[in-house]
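Worksheet for the structure shown next.
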Amino acid sequence: MKFRRVFNRAAFGLLSMTAVLFSTPERALAAELRAVASFSILGDLVRQVGGSRVMVETLIGPDADVHAFSPTPADAGKLADAQIVVINGLGLEGWIERLVKASKTRAPVVVATAGVTTIADADDHAGHGHDHGSAIDPHAWQNVANVKIYVDNIRVGLARAAPEDAAYFADNAARYTAALDALDRDVRAAIEALPPERRKVITTHNAFGYFAKAYGMAFIAPQGVSSDTEPSARQVGAIIRQIRRENVPAVFLENMSDSRLIARIAKEGGAKIGGTVFSDALSPADGPAATYTAMMRHNVREFVDALAPPR
Ligand code: ZN
C-alpha cells in the first residue's frame, strides 16, 4: 500500500519516528477501511456507500477495458492489503479466484450482483471479441434498479467489515438509493418520450442488454462486424444496407475512427452518428462520466440526442 511504503521509507530516514507517526497520512487513515473494487463503476458505488470511512482502490481504472484485463503482481498486492474486496460477479472477473489465492488475502469477497435477476448473454457476443466466458450477461449495472441491489450488497459487506460504522453506511446507502430512484425515473421518462419506432440504435457495444430490457430500447449489432477492429469499406456498405432495411435512426460505432467511413454511413444510411457512450468503465474524473449516475445520464443524453425526431 502506498502510504505504508512512504511511512517505511521515512522511518528508515533521519526523521524521528514520532514526527513521522503524527504527520503521515497513514496515521490519519488508520481507521479507514481499505476496500478494493474490481472495476471503476463498482469503485464509485463503494465510494458512495463507504463515504469518508472507506478508502477505495480499483483494479481496472477509468477508460480501461474490463474484459481485456489480466492481473499483475501489483494487483495481488492491492488485494493483500485490502480488508474487503468487491466484485461484480456473473463471470465478469474470471481471474478473481486465482488472484485472491495468489494474494493470500483474508479479506471477504463481496459479490455485488448477488440477488440480481440475470439475463442471457447476447447470442452474437462470442463472435464480437467480447466473450464473457459464460451464458449470463454480466453488465447488470446497465439497469439502475439492479444497482440498488449492488448498493445493498455493498452496504452489508462494509457493515460486516466495520460494524462500528454500520449506521453511517446505511445512511449513505439510503441517500444514494434515493438518487438512483430519481435516476431510474429520469432514464425511463427520457426513453419513453421518444417515438417507439425510433427507440433503436446499431452499436458495436453489446453491453446494453439490461438497459434494453429495462427501458425498452433496442440495441442491434452490426452484422458481420467485429467490435475489435474498425469496419472495412465493404463492411460499412453492409451496415448502410442494415440501417435502411431496419430503419435505424442512429449508429453508435465507438471503435470507428475513419471519419470518411463515418460520414458515408451518415449520408448513405440516413442515420445519425451517435457520440461516445460508456458501458463498462467510467471516464476519468474530468470526463463526462466520472461517476455511475453521471455515466447513465450522459449515455441517455447521447441516445436521445441521436434518436429524437428531426424538428
Ligand atoms: Zn462488456
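Quick note, my numbering runs 621 ahead of the 1-based positions in the sequence shown.
Where a beta carbon is used, it is the ideal one built from N, C-alpha and C, also for glycine.
Model, not experiment: these values are computed from the prediction.
Sixteen is the threshold: when 16 or more other Cβ atoms of the shown chains lie within 10 Å of the Cβ of GLY671, as they do, the residue is buried.
The three-state reading of DSSP puts GLU714 in coil, since its state is none of H, G, I, E or B.
Secondary structure of LYS821 (DSSP, three-state): strand. Per the C-alpha coordinates, the member of ALA761, ILE757, PHE660, LYS725 positioned closest to ALA685 is PHE660.
In this structure, DSSP gives ALA835 a helical state, which the three-state scheme calls helix. Rounded to whole angstroms, the gap between the alpha carbons of ALA892 and VAL667 is 39 Å. Bridge pairing for ILE894: VAL872 [DSSP]. CA-to-CA, the gap between GLU678 and ALA800 works out to about 23 Å.
Close CB contacts of ASN920 within its chain, under the 7 Å cut and outside five residues either way in sequence, are with VAL898, PHE899 (chain order). Shown here, VAL737 sits in coil according to DSSP, grouped into three states, outside any helix or strand.
Annotation: the continuous beta strand (DSSP E) that includes LEU680 extends over 675-681.
Counted as a single uninterrupted DSSP element, the alpha helix (DSSP H) harbouring ARG922 occupies residues 913-928. Where ILE705 is concerned, the enclosing beta strand (DSSP E) starts and stops at 705-708.
In this structure, the beta-carbon distance from VAL687 to ILE681 falls below 8 Å. Looking from the CA of ALA887, the closest CA among ALA906, TYR913, VAL857, THR912 belongs to VAL857.
Relative to the ligand ZN, the beta carbon of VAL687 is positioned inside 7 Å of a heavy atom. In this structure, the ligand ZN has a non-hydrogen atom nearer than 7 Å to the beta-carbon of SER900.
Distance from the CA atom of GLU653 to the CA atom of ILE705, rounded to whole angstroms, is 12 Å.
For the pair THR734 and ALA701, the CB atoms are not nearer than the 8 Å cut-off. In this structure, the ligand ZN has a non-hydrogen atom nearer than 7 Å to the beta-carbon of ALA828.
The DSSP-derived three-state label of ARG655 is strand.
Between the ligand ZN and the CB of HIS919, the shortest heavy atom gap is not smaller than 7 Å.
Counting only the Cα atoms, THR825 lies some 25 Å from ILE708.
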